[in-house]
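Under this note's numbering, think of the first position of the sequence shown as 3, with each following residue one higher.
Beta carbons: idealized from backbone N, C-alpha and C, even for Gly.
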Amino acid sequence: MMNFIVFGLIGLGLFFSILRLIIGPDVTDRIVSVDAINVIVTGTIVFIAHIFKSNLYLDIAIAYAALSFLETVIFARYLEAKK
């Protein structure tokens, strides 16, 4: 039962992040929402690893988080160069 509540809250957070991505008034708002989506996806992968008791999902979550961080750094450098 608790899993359904957690997945519902994750879905709600994902919905609002995607909404901010679509209607964000500025590029920085969109970048922050993409970063929030990446954090939500990473947390979901970790939660799935906990449910299935598999360390493979944790390795996938670490790799995804590293790529997400790299993406955020690239976006930040792009915005810095744009100014």
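Below 8 Å, too few C-beta pairs join the region 45–56 and the region 69–84 to call them touching: fewer than three. As the crow flies, the alpha-carbon of VAL29 is around 18 Å from that of PHE71. Cα atoms of PHE18 and ILE25: separation of roughly 10 Å, rounded to the nearest angstrom. Apart from the 5 residues on each side of it in sequence, LEU23 sits with its Cβ closer than 6 Å to the Cβ of ARG32 and SER35 in its chain, given in chain order. Annotated three-state conformation of GLY26 is coil, per DSSP.
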